[in-house]
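Worksheet for the structure shown next.
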Amino acid sequence: MEIYCDSAATTALDPEVLDAMLPYLTRHYGNASSSHKFGKKAKDALEESRQTVADLLNVSSEDIFFTSGATEADNLAISGSIRTYDIQHVITSRIEHKAVLQILGQYSQEENLKVSFVKLDNKGNPDLSHLEELLNENPLSLVSLMHGNNEIGNLNNLAYISNLCQEYEAVFHSDTTQSIGKYRYNLKNLPLDFMVGSAHKFHGPKGAGFIYINKYRRIKPHILGGAQERGTRGGTENIAGIVGLAKALSLAYENFEKNQDYVLSLKRYFLNSLKNSGIADISFNGESDSPDKSLGNILSVAFPGLHTGGSLVSRLDAYDIAVSGGSACSNLLNAGSHVLRALQRNLDKDNVRFSFSRYNTFSEVDHIVSVIQEVYRKEEIFSKKTSGKSTLVGAF
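Residue numbers (the UniProt record's numbering): 1 to 396.
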């Protein structure tokens, strides 16, 4: 029984999305910049997709720009803001995505950009009084704070932060990669300057993303080499991917309440099942066990360490259960979780991120819990054989 429970890393492609994309991979393969009918067909699809995304966010289509994904979009927002508005100071947090932290680190080293980190409590929530203090001391800053954390699921109060930034005339960028398609946005009433999305986080294709840029915050391009995306992002557009992005986002909001209620019910069920699993010393990272304070699909769990070596992630993989030890990007670097390091929480534990989608089932949750129980049951047996008594903190 194969179970995929790593949808915060990437999601399964919705079959309806694939159907929407196929004509642009096979028949309508023209370049959207070409003047012949093949190009015009591609251009029409591009602009229809742009309008779809804009309508779902309640903005003008002129405010939507397509990218290769959220990492590029984050880089475009930050680099473009710094270069266009001569930003000298940025306020962020130590638990942002690497797409934000690494480019800020580069500017800090090479351009003497000053970076301030807002204080966090032990669950990863930003100290909003400290944020206001930093804004008061450093007017005209760039603020970059995500909406939903990709590792621990914490949700920031986007409305409060955006209004605070507006009050202090700060530029506000929010990495909304994990929350797009899972929360409704009305950008007419939310004074954000930049927000980003990546199709593969909401059952669309990889390699397609977008950035919303407030019409009052136009920026210099990050990628040069063409007039595409109204001169903001050079390069031939990925029409099939963009069509898939728009279709996937439409489906996410078309069935919004049904899908989100279902995924949240899976998370609640899993949370309660773990609490009643008989495994001692389980705790939860961030606010992931508080459904009203976290993304409805992410649960970050701190398990007892395995005495027999290895990680619970690898053990579950051996049972054909796909989960993550943190973000996919951090896993690629073998760097561990910078989020948990920043919070100084559960660093001696076996931390696992479970992230659900509408394709998961309650029977899968039951199977995952059963496998985890089996892993720790074997740990208890091993511990008894090697020491003559049970020393495992996770023993039943």
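In this text, a Cβ means the ideal position worked out from N, Cα and C, and glycines have one as well.
(1) Where Leu306 and Ala318 are concerned, what is the direct C-alpha to C-alpha distance, given to the nearest angstrom?
(2) As a quick exercise: from Leu266, Tyr253, Ala99, pick the residue whose alpha carbon is nearest that of Ser363.
(3) What is the C-beta distance between Met371 and Leu299, in whole angstroms, given that I count them as a contact (C-beta under 8 Å)?
(4) Beta carbon of Leu13, beta carbon of His222: below 8 Å?
(5) When you compare the CB positions of Tyr185 and Leu57, do they come within less than 8 Å of one another, or not?
(6) For Ser294, which of helix, strand or coil comes out of DSSP?
(7) Sorted by chain position, which residues of the same chain lie with C-beta nearer than 6 Å to Phe354's C-beta, five sequence neighbours on each side aside?
(8) When you compare each of Lys349, Leu343, Glu380 to Arg94 by their alpha carbons, which one comes out closest?
(9) Using the rule of at least 16 other Cβ atoms within 10 Å of the residue's Cβ for burial, across every protein chain shown, is Met1 buried or exposed?
(10) Report back the beta-carbon spacing between Ala199 and Gly244 to the nearest angstrom; my notes put them in contact at under 8 Å.
(11) What's the gap between the Cα of Gly394 and the Cα of Gly226?
(12) Compare the Cα-Cα distances from Ser81 to each of His28, Val313, Gln260, Tyr216 and report the closest residue.
(13) Take Leu264 as the anchor and find which of Lys182, Ala9, Ser162, Ile64 has the nearest alpha-carbon.
(14) Quick check: the region 141-160 against the region 168-175, are at least 3 beta-carbon pairs closer than 8 Å?
(15) Using alpha carbons as the reference points, say which of Val53, Phe270, Asn138 lies closest to Lys247.
(16) Quick one: what's got a C-beta closer than 6 Å to Thr10's C-beta in the same chain, skipping five residues either side?
(17) Got a sec, what are the start and stop residues for the alpha helix (DSSP H) Leu312 sits in?
(18) Could you tell me how far apart the beta carbons of Leu135 and Tyr168 are, in whole angstroms, since I believe they sit closer than 8 Å?
(19) Please work out which residues of its chain come closer than 7 Å, Cβ to Cβ, to Ala73, disregarding the five sequence neighbours upstream and downstream, and give them in chain order.
(20) CB Ile239 to CB Ala42, shorter than 8 Å?
(21) Looking at the secondary structure, which residues open and close the alpha helix (DSSP H) in which residue 397 lies?
(22) Tell me whether His97 is buried or exposed, calling it buried when 16 or more other Cβ atoms sit within 10 Å of its Cβ.
(23) Check the C-beta distance from Asn214 over to Leu192 and give it rounded, since I have them as a contact under 8 Å.
(24) Decide if Leu333 is buried, meaning its Cβ has at least 16 other Cβ atoms within 10 Å, or exposed.
(25) If you draw a straight line from the C-alpha of Val100 to the C-alpha of Tyr269, how long is it?
(26) In chain order, which beta strand (DSSP E) runs of at least 3 residues are fully inside the region 61-138?
(27) Measuring alpha carbon to alpha carbon, tell me which residue in Glu254, Gly310, Val339 is nearest Val375.
(28) Which residue wins for smallest C-alpha separation from Ser144, given the options Ser129, Val301, Ser116, Asn122?
(29) Do you know how far the Cα of Tyr24 is from the Cα of Asp289?
(30) If you follow the alpha helix (DSSP H) that Arg50 is in, where does it begin and where does it stop?
(31) According to the neighbour-count rule (16 or more other Cβ atoms, all chains shown, within 10 Å of its Cβ), is Ala280 buried or exposed?
(32) I'd like to check one pair, Val369 with Ser273: are the Cβ atoms closer than 8 Å?
(33) Apply the 10 Å Cβ neighbour rule to Asn285 and answer buried if 16 or more other Cβ atoms are within range, or exposed otherwise.
(34) Could you tell me the distance, in whole angstroms, from the CA atom of Gly325 to the CA atom of Tyr85?
(35) Which residue's Cα is closest to the Cα of Glu16: Thr92, Pro205, His367?
(36) With H, G and I counted as helix, E and B as strand and the rest as coil, what does DSSP make of Leu299?
With the structure as the only source:
(1) Distance between the alpha carbons of Leu306 and Ala318 is about 15 Å.
(2) Minimum Cα distance to Ser363 is reached at Leu266.
(3) A small fix is needed here, since residue 371 is Val in this sequence, not Met. Not quite, the Cβ-Cβ distance comes to about 16 Å (not below 8 Å), so this is no contact.
(4) no
(5) yes
(6) strand
(7) Cys5, Leu299, Val323
(8) Leu343
(9) Per the 10 Å Cβ criterion, exposed.
(10) 6 Å
(11) Because Gly394 sits at a pLDDT of 41, beneath the cut-off of 50, its placement in the model cannot be relied upon, and the point is left open.
(12) Tyr216
(13) Residue Lys182 is the option with its Cα nearest to Leu264.
(14) yes
(15) Ranked by Cα distance from Lys247, the options Val53, Phe270, Asn138 are led by Val53.
(16) His200
(17) 312-318
(18) 4 Å
(19) Thr67, Val196, Gly209, Phe210, Ile211
(20) yes
(21) Beyond the ends of the chain as shown, which are 1 and 396, falls residue 397; an answer cannot be given.
(22) buried
(23) 7 Å
(24) A caution first: Leu333 carries a pLDDT of 43, below 50, which makes its placement in the model too unreliable to give a value.
(25) For Val100 and Tyr269, the distance between alpha carbons rounds to 33 Å.
(26) 64-67, 89-92, 114-117
(27) Gly310
(28) Ser116
(29) C-alpha separation (whole angstroms): 42 Å.
(30) 37-57
(31) By the neighbour-count rule (16 or more Cβ atoms within 10 Å), Ala280 is not buried but exposed.
(32) In this structure, Val369 lies closer than 8 Å to Ser273 by Cβ.
(33) buried
(34) 38 Å
(35) Pro205
(36) strand
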